[in-house]
Amino acid sequence: MTMHGMRGLSVFISDVRNCQNKDQERLRIDKELGNVRNRFKNEKGLTPYEKKKYVWKMLYIYMLGYDVDFGHMKAVSLISAPKYPEKQVGYIVTSCLLNENHDFLRLAINTVRNDIIGRNETFQCLALTMVGNIGGREFAESLAPDVQKLLLSSSCRPLVRKKAALCLLRLYRKNPDIVNVDGWADRMAQLLDERDLGVLTSSMSLLVALVSNNHEAYWSCLPKCVKILERLARNQDVPQEYTYYGIPSPWLQVKTMRVLQYFPTIEDPYTRRTLFEVLQRILMGTDVVKNVNKNNASHAVLFEALALVMHLDAEKEMMSQCVALLGKFIAVREPNIRYLGLENMTRMLMVTDVQEIIKRHQAQIITSLKDPDVSIRRRALDLLYGMCDVTNAKDIVEELLQYLSSADFTMREELSLKAAILAEKFAPDLSWYVDVILQLIDKAGDFISDDIWFRVVQFVTNNDDLQTYAAAKVKEYLDKPAVHETMVKVSAYILGEYSHLLARRPGCSPKEIFSLLHEKLPTVSTTTIPILLSAYAKILMHIHPPDQELQSQIWAIFF
Amino acid sequence: MIHFVLLISRQGKVRLTKWYSPYSQKERTKVIRELSGLILTRGPKLCNFVEWRGLRVVYKRYASLYFCMCIDEDDNELEILEIIHHYVEVLDRYFGSVCELDLIYNFHKAYFILDELLLAGELQESGKKTVARLVSAQDSLVETAKEQASSISNIIAQATK
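Those sequence lines, one after another, are chains L and V. Each residue of the first sequence is one higher than the one before, starting from 1 at the first, in the numbering used here. Each residue of the second sequence is one higher than the one before, starting from 1001 at the first, in the numbering used here.
Written as structure tokens, this is what we have:
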């Protein structure tokens, strides 16, 4: 373990680590904070080294979870230090502790600007980094022109221009008006000719943001992006350093394909053909390899290519190739790939009519609904929801209901809601729909909002044939030992309106229905009581000839 | 974009945090607590992605440390997983077979290095040699300043003997 630095800092860290418990730690921290506060009161006596040490200590204390508010000013003030070591600490600690909403960050704008426009390259880098990480709107307004100049300056080294590109990206995100689109289209196209892959990667990130807001202005960049992608995919001219486990700059490939996804079409047939060739090669040529990192990198490129193919709404053949690939992916052992397979299949549903092809994989997707990994279960649920239609709704909803019983807490709400929506949208017949909703209330009553049971009631009210069925069904649920309050609500309403239709059945006389409902009264909250009471009244109204005994029993409750 | 980077130990101790989106102090504490609960409890055979507050968190465990990066829903998850690996490889190269203790005592270095890798929540430099050169240049600058400072104080000490 190499010790790269300040002894005082290391000693302090050791002290803290040797504390036996939280109280001891707190004591040691408070002692140190008191010490630092004191030393900073008499700042003239502090050497630059000491200042640095104390500011680092404050960052360390902050990372442990303690408050170091008084330290913010100190860190910011170090930004104005004349020498690199202190300035560096000031910039870095400031960008760790503060964010764009801290008012006094503004106080540093002038110093930061001086560093940016000054001749000292290392200072420029420090400033660009901090502004790029935590700069806000005001920084955008004050500094954008200077940062732009650096990015476009041929006398600046790649190191600075790379940082300028990403710094400008941040400022643009904070205030899109700082980039004058008219001027920038040509400049971005020029930047794409950049040989240095660090600068190119950063510029590509900037381009993604610009194009996402306004692709029309940047058409000239399109063919260049395709050329870049082609060069990378063929591994032409890619320095060894930018080859990651044999894959030529996977990140740049991904970013470039991301840019292309913001252009609605590719008009030029030559460009279009070139791009499709590249994409075809990626789709067909990405093998699974042993090396995890190479695998991840090549598949990162593959999945982005898939997204691009989907976006271009390519020929039918390419699309079915994509679905076939995804079909393979959702069944592999490697969980990351399974996750991404499910996620991308869901995205495909938004595009053309691949629904039929995707349905072929239904069994595998249902298996994924029960995967041990909650992330995968979530993706499977989304996909099932998206691929549901009249032909498979019954199967899918029934799977969801079955799964609901064992689902973990965090998924129940979403599961119930989705099942309810699907049941209503695609019900083959209404009695099935009623069954589903009642099952949902029974299994996950806490997550069933009033809207859902109101709708059931609405359907039942509007469909005479449904009424007897619904009344019988809710009575079954009420007979169970444990009944969710929402079930009581919906049952009370339905039985109030329609229990008379059941009157001849065993156990369904008005008296029996009334007792069944009435025994729930003590267990329910105030919102349910009115529903119960009106149910009693309705039951009474439906009895012909009137039952005096029951009548007096019920009236007694009201008066 | 990457909204924040989190390095936490298996016991939930924070070894590094870098925020590229504005989270207040209170929010940061909450985020760290929530994510620690979510991620540290995940078994080894599960995927490296969790869904949280409409965002995705990509994480990977290296020995006793969890490296986490929070991204948007439509970002490329595998690419981020390899950015994490890239960071680990750079740290490894710098410290010579890095371990958690290195990052504890030299957390400031971990921040310097991260600042050469990510900027504005995006990948800044994918060439490991370039990053190594840059960080070592920074180290030299600091060393030189130290030497200058000590040589100046030596001169003064001599002169005032």
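The beta carbon of each residue, even a glycine, is placed where N, CA and C say it ideally should be.
* To do: Tell me, please, which residues DSSP counts as bridged to V:Arg-1056.
  => In the second sequence, counting from the first residue as 1, residue 1056 of chain V sits at position 56. V:Glu-1051 and V:Ile-1071, per the DSSP bridge assignment.
* **Contiguous alpha helix (DSSP H) assignments of at least 4 residues, all confined to the stretch 126-214 of chain L** => For the stretch 126-214 of chain L, the continuous alpha helix (DSSP H) assignments of 4+ residues that do not extend past its boundaries occur at 137-152, 158-174, 181-191 and 197-213, in sequence order.
* **Simplified DSSP assignment, three categories, for L:Thr-286** => Numbered from its first residue, the first sequence carries residue 286 of chain L at position 286. Of the three classes helix, strand and coil, the one that applies to L:Thr-286 here is coil, per DSSP.
* Residues of the stretch 120-141 of chain L with Cβ closer than 7 Å to any Cβ of chain V, in chain order -> Taking 7 Å as the Cβ-Cβ cut-off, the stretch 120-141 of chain L approaches chain V at Thr-122, Thr-129, Gly-132 and Asn-133, given in chain order.
* For V:Trp-1019, three-class secondary structure by DSSP -> Translated into the one-based positions of the second sequence, residue 1019 of chain V becomes position 19. In the three-state reduction of the DSSP assignment, V:Trp-1019 falls in the strand class.
* Which residue's Cα is closest to the Cα of L:Asp-196: V:Lys-1146, V:Ser-1126, V:His-1085 and V:Ala-1137? -> Here residue 196 of chain L refers to the residue found at position 196 of the first sequence. Cα-wise, what sits closest to L:Asp-196 is V:Ser-1126.
* Cβ pair count under 8 Å reaching 3, the stretch 340-360 of chain L against the stretch 1053-1066 of chain V -> Touching, no, given that fewer than three Cβ pairs across the two stretches are closer than 8 Å.
* Asked: Taking the alpha-carbon positions, what's the V:Ser-1151 to L:Lys-52 distance?
  -> Here residue 1151 of chain V refers to the residue found at position 151 of the second sequence. Here residue 52 of chain L refers to the residue found at position 52 of the first sequence. Near 19 Å, if we compare the C-alpha coordinates of L:Lys-52 and V:Ser-1151.
* To do: Could you work out which residue in V:Arg-1015, V:Arg-1010 and V:Gln-1011 is closest to V:Leu-1114 when comparing CA atoms only?
  => In the second sequence, counting from the first residue as 1, residue 1114 of chain V sits at position 114. The candidate whose alpha carbon is nearest that of V:Leu-1114 is V:Arg-1015.
* Asked: For chain L, is any of its Cβ atoms less than 8 Å away from the one on V:Pro-1044?
  -> Position 44 of the second sequence, counted from the first residue, corresponds to residue 1044 of chain V. It does not: the Cβ of V:Pro-1044 has no partner Cβ on chain L nearer than 8 Å.
* Asked: Would DSSP call L:Met-3 helix, strand or coil?
  -> On the first sequence, residue 3 of chain L is found 3 positions in, with the first residue counted as 1. With a pLDDT of only 42 at L:Met-3, under 50, the local geometry of the prediction cannot be trusted, and the value read off the model is given with reservation. In the three-state scheme derived from DSSP, where H, G and I count as helix and E and B as strand, L:Met-3 is classed as coil.
* Exposed or buried, which one is L:Arg-377 when buried takes at least 16 other CB atoms within 10 Å? -> Translated into positions along the first sequence, residue 377 of chain L becomes position 377. Around the Cβ of L:Arg-377, a 10 Å sphere holds 16 or more other Cβ atoms; the residue is buried.
* Please state whether DSSP places L:Pro-522 in a helix, a strand or coil. => In the first sequence, residue 522 of chain L corresponds to position 522, counting from 1. Three-state DSSP puts L:Pro-522 in a helix.
* Spatial distance of L:Gly-198 from L:Pro-158 (CA atoms) -> Against the first sequence, residue 198 of chain L aligns to sequence position 198. Against the first sequence, residue 158 of chain L aligns to sequence position 158. C-alpha separation (whole angstroms): 7 Å.
* Please list, in chain order, all residues of the same chain as L:Asn-213 whose beta carbon is under 8 Å from its beta carbon, the five residues on each side excluded. => Translated into the one-based positions of the first sequence, residue 213 of chain L becomes position 213. Closer than 8 Å at the Cβ level, and outside the excluded window around L:Asn-213, lie Pro-176.
* Asked: What alpha helix (DSSP H) runs, 4 residues minimum, are completely inside the stretch 1071-1097 of chain V?
  -> Fully enclosed alpha helix (DSSP H) runs of 4 or longer: 1077-1095.
* To do: Please decide whether V:Thr-1029 counts as near chain L, where near means a Cβ-Cβ distance under 8 Å.
  => As a working note, residue 1029 of chain V is residue 29 in the second sequence. So, interface residue.
* For chain L, is any of its Cβ atoms less than 8 Å away from the one on V:His-1108? -> Here the question's residue 1108 of chain V lines up with position 108 in the second sequence. Yes, because at least one Cβ of chain L sits closer than 8 Å to the Cβ of V:His-1108.
* Asked: Taking Cβ-Cβ distances below 8 Å as the criterion, which residues of the stretch 1045-1069 of chain V are in contact with chain L?
  -> Here the close residues are Lys-1045, Leu-1046, Cys-1047, Asn-1048, Phe-1049, Val-1050 and Glu-1051.
* Could you pull out every residue in the same chain whose Cβ sits closer than 8 Å to the Cβ of L:Tyr-469, ignoring the five residues on either side in sequence? => Stepping through the first sequence from its first residue, residue 469 of chain L is reached at position 469. Excluding residues within five positions, the ones whose Cβ falls inside 8 Å are Ser-431 and Val-434.
* **C-beta atoms of V:Ala-1120 and L:Gly-132 nearer than 8 Å** => Here residue 1120 of chain V corresponds to residue number 120 of the second sequence, with the count starting at 1. Here residue 132 of chain L corresponds to residue number 132 of the first sequence, with the count starting at 1. Contact flag set, yes.
* Asked: Can you name the start and end residues of the alpha helix (DSSP H) that L:Val-254 belongs to?
  -> In the first sequence, residue 254 of chain L corresponds to position 254, counting from 1. Where L:Val-254 is concerned, the enclosing alpha helix (DSSP H) stretches over 250-260.
* **CB contact flag (L:Leu-495, L:Ala-535, <8 Å)** => Walking along the first sequence from the start, residue 495 of chain L turns up at place 495. Walking along the first sequence from the start, residue 535 of chain L turns up at place 535. Yes, the pair counts as a contact, with Cβ atoms nearer than the cut-off.
* To do: Below 9 Å between beta carbons is the criterion; list the residues of the stretch 6-27 of chain L that meet it against any residue of chain V, in chain order.
  => Per Cβ criterion, the list reads Met-6, Leu-9, Ser-10, Ile-13, Ser-14 and Arg-17.
* Just the Cα atoms here: how many angstroms apart are L:Asp-408 and V:Phe-1067? -> Residue 408 of chain L sits at position 408 when you count from the first residue of the first sequence. Residue 1067 of chain V sits at position 67 when you count from the first residue of the second sequence. When rounded, the distance between both Cα atoms is 26 Å.
* Does L:Trp-184 come within less than 8 Å of chain V when only Cβ atoms are used? -> Here residue 184 of chain L refers to the residue found at position 184 of the first sequence. No, because no Cβ of chain V sits closer than 8 Å to the Cβ of L:Trp-184.
* Nonlocal neighbours in the same chain, by C-beta distance under 7 Å from V:Leu-1104, ignoring five residues either side -> To locate residue 1104 of chain V, count along the second sequence from 1; it is residue 104. First, the residue type needs correcting, since residue 1104 of chain V is Ile and not Leu in the sequence shown. The beta carbon of V:Ile-1104 lies closer than 7 Å to those of Arg-1015 in the same chain, with the five residues before and after it left out.
* Let me know the secondary structure DSSP gives V:Leu-1006 once reduced to three states. => Here residue 1006 of chain V refers to the residue found at position 6 of the second sequence. Here V:Leu-1006 sits in strand by DSSP.
* In chain order, what residues of the same chain have a beta carbon less than 8 Å from the beta carbon of V:Ser-1009, not counting five sequence neighbours either side? -> Sequence index remark: in the second sequence, residue 1009 of chain V carries index 9 (1-based). The beta carbon of V:Ser-1009 is closer than 8 Å to those of Arg-1015, Ser-1064, Leu-1065, Tyr-1066 and Glu-1100 in its chain, skipping five residues each way along the sequence.
* Asked: In whole angstroms, what is the alpha-carbon distance linking V:Glu-1079 and L:Met-130?
  -> The sequence position of residue 1079 of chain V within the second sequence is 79, counting from 1. The sequence position of residue 130 of chain L within the first sequence is 130, counting from 1. Going by the C-alpha atoms only, they are around 24 Å apart.
* Below 8 Å between beta carbons: does that hold for V:Leu-1117 and V:Val-1142? -> Walking along the second sequence from the start, residue 1117 of chain V turns up at place 117. Walking along the second sequence from the start, residue 1142 of chain V turns up at place 142. Remark: C-beta atoms of V:Leu-1117 and V:Val-1142 do not approach each other more closely than 8 Å.
* Against chain V: residues of the stretch 295-309 of chain L by CB proximity under 7 Å -> From the stretch 295-309 of chain L, only Asn-296, Ala-297, His-299, Ala-300, Phe-303 and Glu-304 have a Cβ closer than 7 Å to chain V.
* What does L:Ser-249 reach in chain V if we use C-beta pairs closer than 8 Å? -> The residue you call residue 249 of chain L lines up with position 249 of the first sequence. Result: Ser-1126.
* **Residue range of the alpha helix (DSSP H) that includes L:Asp-465** => Residue numbering aside, residue 465 of chain L sits at position 465 when the first sequence is read from its first letter. 464-478 is the extent of the alpha helix (DSSP H) around L:Asp-465.
* Roughly how far, in whole angstroms, is the beta-carbon of L:Val-211 from the beta-carbon of L:Val-259, given that I think they are within contact range, below 8 Å? -> Mapped onto the first sequence, residue 211 of chain L falls at position 211. Mapped onto the first sequence, residue 259 of chain L falls at position 259. Contact annotation, L:Val-211 with L:Val-259: C-beta distance approximately 6 Å; criterion of less than 8 Å satisfied.
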